[in-house]
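First the structure, in the form of structure tokens, and then the observations on it.
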Amino acid sequence: MVTLTIDNKTVTVPDGTTILEAARSNRIEIPTLCYLDNINEIGACRICMVEVDGEERLVPSCDNVVREGMVVHTNSPRVREARRVNLHLLLSQHDVQCTKCTRSGNCKLQQLCNDYNLLGEHYIKNLSNTPDDLSNPVVRLENRCIKCMRCIQVCDKVQSMGIWDVMGTGSRTTVGVSGARTLAQSDCTFCGQCITHCPVGGLQERDDTGKVFSALADPDKITVVQMAPAVRAAWAEYYHLSPKYATAERMVTALKMLGFDYVFDTNFSADLTIMEEGSEFIDRFTHRNRYTWPMFTSCCPGWVRFLKGQFPFYINNLSTAKSPQQMFGAVAKSYFAEKLGVDPHKIFVVSLMPCTAKKAECALPTMKDACGDPDVDVVLTTREIVRMFRGEQINPAILEETPFDSPLGTGTGAAVIFGSTGGVMDAALRSAYFLVTGSNPDPDAFKNVRGMDGWKEATFSIPGAGDVRVAVVSGLANTRRLMNALDEGRVTYDFVEVMACPGGCAGGGGQPIHDGEELAEKRGKVLWSLDKKETLRFSHENPEIITLYKEYLLAPLGKRSHHLLHTDHNAWKMPNEK
Amino acid sequence: MSRLDIKTPSRAQTVVDNLYHDMEQRISASPPGLCPVDIALNFLRLCHAQSCGKCVPCRIGLGQLSKLIEQVLDGAATMETLSIIEKTAHSIYNTADCAIGRDAARLVIDGLNGFRDDYEEHIKHHRCLSSLQLPVPCVTMCPAGVDVPGYMALVGQGRCQEAVRLIRKDNPFPIACAYICEHPCEARCRRRMIDDAINIRGLKRYAVDHAGDVPNPPCAPSTGKRVAIIGGGPSGLSCAYYLSLMGHKVTVYEERAQLGGMLRYGIPSYRFPRELLDKEINSILSTGIEVHTGITVGKDVTFEDLQHQYDCLYIAIGAHQDKKTGIPGEDSKNVISAVEMLRAIGDDHLPDFTGKKVVVIGGGNVAMDVTRSSVRLGAEKVTCVYRRRLDDMTALPDEVAGAMAEGVEMMTLAAPVRIESDENGVATALWVQPQLIGEEDPSGRPRPTKASLDEVRIPADIIVAAIGQGIEIQGFEQSGVPVKRGTFVAASSSQVGNMDNVFAGGDCVTGPATAIRAIAAGKVAAANIDEQLGYHHEITVDIDIPAPKLNNRAPHGRVNTTEREAGERKHDFEGIEIGLTCEGACTEASRCLRCDHFGYGIFKGGRSTKW
């Protein structure tokens, strides 16, 4: 233990603690900007500078450890001036148009500049002329970027992708795509973790709200919206509503107010995914020799991009089942159009997703199976739909609840947990057990796959089928570790669930941003509690799914299913794929 | 009003002179990997500030060039801009009145030729190809990538044994390098921006001198794979060491009677005491390496046989073939090569030069080793003959100064023409032609030309040619190992040609170079051989590196090692260098700026804990 003095307070902390941690653990706040716990502790912004007695110069508190007897001042005049100068310097290269920035009010730089009461321009404005590329699901705005390097670190350390890198040297040093590529040429998974870890508006999703507003205003369009499980656990964070009040049904009301003709639930198609993917697994499991192992889930488009870009030899291990989003689109523009008796080309499908990679998924050339148009027209992230609500002055706090529309609006507890790591596996095992044995297991029989560990393993015995060895992994660095272990034969599994974002979709790259906080666990718990409360906790018991099969698809893995609900992962290429 | 004044610099001028010095130091400490266009622009601005302003091309032209290059960097230029830059630079070069303008333009022209790709990348794609991939200068500059800041910090805390273990992660020859490394790590040391480079080699020497016996890490479980190493020098033994740690069965084939290569047969013991070399080799061998000495591959065993018997081969035969001067009389008795002489000394066959006049031809480190050894062998007079100037010698300045202190005469600007011998064919003198230093060759070294002076006779009993070494390619070339300009051709992975299981590295690939480059090649080969054999063993070490200090930036003199008195040391082959004291080592270690932590190091590449 080390004893030191911070702002006249004597504190004792373990050896190796940074000055910043020592202060924070004793309720002394030192402002930070580039700092991200465990991910970016590099002292780049020089905002967390403190004065240490006996040191000639100021010391960054985030990356220097305490010493016995150290005397630290976190708010001396010298410190205050240094922070103000550094903020002014940052502003000289920052396009300070907060009124037009999506992060206004949720921006670390804005908050610090407000806190430090910066007045006037002290330095000559020096913005870059480089044009921004707005075409990809992930968009980087050069003149908003403050070069804190968090995106580089998240992409390297958490996602192991190394897409972002430091470009150039000297005064023109900036962040760009590594390997002299554009983002479109890169193997970026579009997971969006760089966006949710950006302290300012330097990174954001491609804004597609305009397309949705246009469709809503078009009298010839029948607008259909689907809501992903994880969206309901996060959408009301902007309004500070408690999860109890911020229900999916209240969001349905808001979506109706926006003008959507039909508000459906991706939980419906999550149950459908389980029917197809679960049946596929049983089929593969009972014909082991015909397949390569393990089987991978395919519902996370960031993961599919990762696998195709990094481990292309394993593409055939992916379940051929489409993701719930794409199954929904295909069913909406076929079965649902038939039910309505309308031309499917008139149907405009919008997805509300916690995800930026979904924007790339819906644009794939293979995702046009129902009528030739894209099965899903536009994907909005949670952040974008909240922006639309705000633009329409919709205040969810005063809204009534409205049930989802039918026939694509019912989901079971097994579906809602798709939004959390382990959920897909849990749901698939519940139905696979039923498909093999003809009876339901305890819905909580597979809870070993739940929880926030980045890499979970379990073995479950299904009478009549045998032991199923499963793994659940989230975060792409964890995924890479698992893939390497598989590749080197160090582990063997039958079924593996992968989610590109740590903690699954609850922590997705399209979710609301809370600087320095990781909310996947908290949001995931909301989803698990929804599952617990549901009377229907098995996908195969979803009455709308039963009807869909009876009226239209006939049976899982049948001809229609094959056409609408399954895909050939080899039929499109990643930019780096041969 | 006085008729003449004594020139005294103004206070401003004195300060500026100091700044020039600081700037020189700073430039020499530039981190590798900076954007060359940006650096060229800023050099150009400095050049422009030096303009007296008289002439148009320099006064205006250099400024316009700066603006144009700035446009390139700002992404506001087109390919047309590039041709304007080129045209303008050539015009300035052709029309400037003095070197200030002319050579400023040349700097730009050299850049346009040397890094045109970078210019074009900025113009076409608004981006820079440069990036600081390895941001700690000493680690970047070390061919083997040794964790220098890590062991500086450990030595500073007196944790010498851990320092040695940390070095061994990347370099199994910490003792050899502590004594004889040319320390490229010091070249770009960031401390130069404040005062002077850290004495890294001196601190390494302190570590190895005070570490005691440091056990090697345990070997990985046996893989059953067998690798043959041809050549038991620093490169071969480095490769052998790591492969052995990885669990492969390694056999070293060495032509000479003892292991060590140039560490034994090139470097005299006064620079690197033999007992330390033996200690280091024994430590490496203790990982379970099998050794066959006195075996020449290509004669006693064929290359093909080894290829059949082993899963992989590593060729590291060094550069042990002496080069001939090609002057008449070279075949005379008592004319020997440096290789020959140092090889005999390596096997403890010390020739007696008592009372002899020894003339050494050459200006490299080997020439210094020969002159200084000759002094120790009792020579009455040792003369080093070199075609160029003292400044142009490729030997380390310390070596030249050391030789001179021991009484070696340096006869520079003297090109050997012939060797005179007596009726018995015994050499009696070297005739040399005085030279005049001339224009620079393309590599930037001034070329000597014949001076209008008569030839000079240098009486000699022994003449030693130390003008470089070649590679004994016989026995390999016939077996399909590709050879270009007398060296083996290997990829940067050390792989040879299209032979999957043959690797090569060290002097036999690079030509005569340094021990640390040979060691690094062995390390690279070990990693790639491991992969080739289907494994991915990791070499790692678990050492807690002390946290950096914050208060070590006040300018402070560098603590140097010292040497035994010249008059005393020249009589024996004992080590000449006196290592740092505990006090000196602690002081010196505390000067380290810890670039692994401060600056870019903490962000990218501050420490790689495994390879």
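As you go down the protein sequences, you meet chains P and Z in turn.
According to my numbering, the first sequence is numbered sequentially starting from 1.
According to my numbering, the second sequence is numbered sequentially starting from 1001.
Beta carbons: idealized from backbone N, C-alpha and C, even for Gly.
Return yes when the Cβ of residue j is within less than 7 angstroms of the Cβ of residue i, no when it is not.
i	j	result
Val645 (chain P)	Gly464 (chain P)	Residue 645 (chain P) is absent from the structure shown; chain P starts at 1 and stops at 578.
Leu1550 (chain Z)	Val59 (chain P)	yes
Ala1585 (chain Z)	Tyr1206 (chain Z)	yes
Asp1170 (chain Z)	Val1146 (chain Z)	yes
Val1483 (chain Z)	Val1496 (chain Z)	no
Phe418 (chain P)	Met295 (chain P)	no
Val1015 (chain Z)	Leu1073 (chain Z)	no
Ala500 (chain P)	Gly210 (chain P)	no
Ser539 (chain P)	Ser406 (chain P)	no
Pro1137 (chain Z)	Arg1190 (chain Z)	yes
Leu1277 (chain Z)	Gly1260 (chain Z)	yes
Val1335 (chain Z)	Ala1427 (chain Z)	yes
Val526 (chain P)	Pro131 (chain P)	no
Gly192 (chain P)	Gly509 (chain P)	yes
Ser529 (chain P)	Gly503 (chain P)	no
Val50 (chain P)	Asn26 (chain P)	no
Arg1376 (chain Z)	Phe1573 (chain Z)	yes
Phe1303 (chain Z)	Phe1476 (chain Z)	yes
Taking the DSSP output, what are the residues bridged to residue i?
i	result
Gly1434 (chain Z)	Residue identity check: residue 1434 (chain Z) is Pro in the sequence provided, not Gly. The partner list for Pro1434 (chain Z) (beta bridge, DSSP) reads Z:Ala1414.
Arg1485 (chain Z)	Answer by DSSP bridge pairing: none, since Arg1485 (chain Z) is not bridged.
Lys1450 (chain Z)	Z:Gln1435
Trp455 (chain P)	P:Val473
Trp164 (chain P)	P:Val177
Arg1517 (chain Z)	Its beta-bridge partners do not exist; DSSP assigns none.
Cys1384 (chain Z)	Z:Val1360 and Z:Met1410
Pro352 (chain P)	Checking the sequence, you will find Leu at residue 352 (chain P) rather than Pro. Bridge partners of Leu352 (chain P): P:Met227 and P:Leu380.
Gln1495 (chain Z)	Z:Phe1503
Strictly under 7 angstroms for the Cβ-Cβ distance: is residue i near chain P by that measure?
i	result
Gly1111 (chain Z)	no
Phe1303 (chain Z)	no
Ile1545 (chain Z)	no
Ser1130 (chain Z)	yes
Leu1550 (chain Z)	yes
Phe1488 (chain Z)	no
Phe1603 (chain Z)	yes
Against chain Z, does residue i count as a neighbour if the rule is that its beta carbon must be under 7 angstroms from one of theirs?
i	result
Asp453 (chain P)	no
Gly168 (chain P)	yes
Thr17 (chain P)	no
Arg172 (chain P)	yes
Ile42 (chain P)	yes
Any beta-carbon of chain C closer than 7 angstroms to the one on residue i?
i	result
Met367 (chain P)	Among the protein chains in the structure shown, which are P and Z, there is no chain C.
Output needed in chain order: residues of the region 1028-1057 of chain Z with a Cβ under 9 angstroms from some Cβ in chain P.
Cβ contacts with chain P come from Pro1031, Gly1033, Leu1034, Cys1035, Asp1038, Ile1039 and Asn1042.
Which full runs of the beta strand (DSSP E) of 3+ residues lie inside the region 1239-1312 of chain Z, going along the chain?
Look at the region 1239-1312 of chain Z and you find these whole runs of beta strand (DSSP E), each 3 residues long or longer: 1249-1254 and 1290-1293.
Using a Cβ-Cβ cutoff of 8 angstroms, what residues of the region 1057-1078 of chain Z are near chain P? List them in chain order.
Identification of residues in the region 1057-1078 of chain Z having a C-beta nearer than 8 angstroms to some C-beta of chain P yields Leu1073, Asp1074, Gly1075 and Ala1076, given in sequence order.
May I ask you to list, following chain order, the residues of the region 54-73 of chain P that have a beta carbon less than 9 angstroms from some beta carbon of chain Z?
Listed by position along the chain: Gly54, Glu55, Glu56, Arg57, Val59, Asp63, Asn64, Val65 and Arg67.
Would you list, in sequence order, the uninterrupted beta strand (DSSP E) runs of no fewer than 3 residues that lie entirely inside the region 1020-1084 of chain Z?
With a minimum length of 3 residues, no continuous beta strand (DSSP E) run stays inside the region 1020-1084 of chain Z.
Please list the residues of the region 130-156 of chain P that have a C-beta atom closer than 7 angstroms to any C-beta atom in chain Z, keeping them in chain order.
Those would be Thr130 and Met149, in chain order.
Proximal residues, the region 1507-1541 of chain Z versus chain P, C-beta separation under 8 angstroms
Only those residues of the region 1507-1541 of chain Z whose C-beta falls short of 8 angstroms from the nearest C-beta of chain P are listed: His1536.
Selection of the region 175-195 of chain P by Cβ proximity to chain Z, strictly under 8 angstroms:
Cβ contacts with chain Z: Gly176 and Ala180.
Taking beta-carbon pairs under 8 angstroms, can you tell me which members of the region 1118-1129 of chain Z lie near chain P?
Against chain P - using a Cβ distance shorter than 8 angstroms - the residues of the region 1118-1129 of chain Z are Glu1121, His1125, His1126, Arg1127, Cys1128 and Leu1129.
Contact residues within the region 475-509 of chain P, judged by C-beta distance below 8 angstroms to chain Z:
Within the region 475-509 of chain P, the qualifying residues are Glu488.
Against chain Z, which members of the region 78-108 of chain P pass a CB distance test of less than 7 angstroms?
Result list empty, no residue passes.
3-residue-minimum beta strand (DSSP E) runs that sit fully inside the region 479-547 of chain P, ordered along the chain
Correct list: 495-499.
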